[in-house]
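Residue numbers (my numbering), protein chains in the order written: chain F, 284 to 570; chain R, 66 to 189. Idealized CB from N, CA, C, for every residue including glycine. Read the structure below first, then the notes.
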């Protein structure tokens, strides 16, 4: 058996500009009105007839947290409902039927949670997504969202964060209080212009941001703070990026690590993965 | 308590001169629901842009040390009124109703009163 030394040529990639789809696979699933569960690196999307009915991400607080954190619903009521059902969506529907929760409140919290988790689920990932056809997700009484709407909103959110402060380091790293008087931390990107930054550091901290600032302790990340406050993770990212831009907080500097090793060449997945086959189909189509 | 779609529909049908309405989250600028609008007037864009109006006003109040909360904001154009009403009682989740009125047909005081009622029904 001969060992091939040269790396295989890169697979042709679809034109990024075409449709600006965040996930070509998701677009196709929407077109074929698929029902099932799309598992991506940072989150899970539940599709029913090509529409997103539910999203979950370990980086975003779930519907339960959003509902119970501000007294919309008693935590015990949620626990009872969750114990009697198999998923947060069904638990919410049970609460709706039993009249514990008003429709509008639940709808809004559901949409908040969906777009929030969807933002992370559609974040750029290093591994291909995986779709499981499954008849469990269905169009229930709660509003569902077309895939294009979720993609559009996710892109808009990404741009919004980028405009506030272009360095994503603070999104994932533990956060520390930075002394605004001590000047900028050296690890900052050559992003915003200096006059704008100086103006920002003079702006007062809003009560919302103050709550975030009070929870910055060198251990918690933005996600931890969001869960602690019962707020959406994306909203917390907005506050975190604004505070970073104002020089109030900074990501905990990590020891300079070696650049990530290049992905091993010729890596073979033993799993006859549908996602892989679909990527192959994409590549062949693009030829 | 009305669901979002009912509330938006009610705003659009019961308020004289209303041409568009949106329920918007002002931290992210996302419209959680829109109704009305036209090809030339994209409510999603208007919603996102008006979050900046609210933020700017809040920051100004902060700097002035004003303690009151914003009830509503009125913007008058030559042919339109834009009415922004903040939802008052949803804890950490800041939402506002955004209503576009044709200034020729609308009764501003009445519209403001009706929007207040719709907001109260949407209240949690």
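Residue 149/R has its alpha-carbon roughly 13 Å from the corresponding atom of residue 159/R.
Among the residues of chain F, those whose CB is under 8 Å from the CB of residue 187/R are 387, following chain order.
Here residue 146/R is buried, its C-beta having at least 16 other C-beta atoms within 10 Å.
Of all residues in the region 324 to 356 of chain F, only 349, 352, 353, 354 and 355 come within less than 9 Å of chain R when Cβ atoms are compared, listed by chain position. A direct Cα-to-Cα measurement between residue 361/F and residue 290/F gives close to 53 Å. At a beta-carbon threshold of 7 Å, the residues of chain F lying near residue 92/R are 518 and 521, ordered along the chain. Counting only runs that start and end inside the region 407 to 435 of chain F, the beta strand (DSSP E) elements of at least 3 residues fall at 413 to 416. For residue 334/F, the three-state secondary structure derived from DSSP is strand.
The beta carbon of residue 95/R falls within 8 Å of a beta carbon belonging to chain F, placing the residue at that interface.
For residue 534/F, the three-state secondary structure derived from DSSP is strand. If you look at residue 161/R, you'll find it isn't in any alpha helix (DSSP H); it sits in the beta strand (DSSP E) that goes 160 to 167. Taking the CA atoms as reference points, residue 321/F sits about 14 Å from residue 421/F. By the Cβ criterion, the region 487 to 507 of chain F is not in contact with the region 419 to 436 of chain F, since fewer than three pairs of Cβ atoms, one from each stretch, lie closer than 8 Å.
Two segments are said to touch when three or more pairs of C-beta atoms, one from each, lie closer than 8 Å; by this definition the region 394 to 408 of chain F does not touch the region 310 to 317 of chain F.
Within 9 Å of the CB of residue 72/R, the CB atoms of chain F belong to 387, in sequence order along the chain. Three or more Cβ pairs closer than 8 Å define a contact, and the region 492 to 499 of chain F falls short of that threshold against the region 408 to 428 of chain F. Chain-order list of chain F residues neighbouring residue 69/R: 387, 390 and 391, by C-beta distance under 7 Å. By DSSP's assignment, residue 146/R forms a beta bridge with 141/R and 166/R. Straight through space, the alpha carbons of residue 358/F and residue 384/F are spaced by roughly 12 Å. Under the 8 Å Cβ criterion, the region 345 to 358 of chain F does not count as touching the region 322 to 334 of chain F, having fewer than three qualifying pairs. Contact annotation: in the region 430 to 445 of chain F, residues whose CB is within less than 8 Å of a CB in chain R are 436, 439, 440 and 443. Under a criterion of Cβ atoms nearer than 9 Å, the residues of chain F adjacent to residue 127/R are, in order, 486, 487, 488, 489 and 490. In the same chain as residue 395/F, and ignoring 5 residues on each side of it, the C-beta atoms closer than 8 Å to its own belong to 349 and 515, in chain order. Distances from the alpha-carbon of residue 97/R to those of 376/F, 388/F, 351/F and 347/F put 388/F closest. Using a Cβ distance threshold of 8 Å, residue 559/F and residue 411/F count as a contacting pair.
For the region 394 to 421 of chain F, residues whose beta-carbon sits nearer than 8 Å to a beta-carbon of chain R comprise 394, 395 and 398.
Shown here, residue 79/R sits in a helix according to DSSP, grouped into three states. For residue 562/F, the CB contacts under 7 Å within the same chain, skipping 5 residues up- and downstream, are 411 in chain order. Judged by DSSP secondary structure, residue 387/F falls outside any beta strand (DSSP E) and instead within the alpha helix (DSSP H) spanning 386 to 404.
In the displayed model, residue 521/F falls within a helix according to three-state DSSP. In this structure, DSSP gives residue 503/F a state outside helix and strand, which the three-state scheme calls coil.
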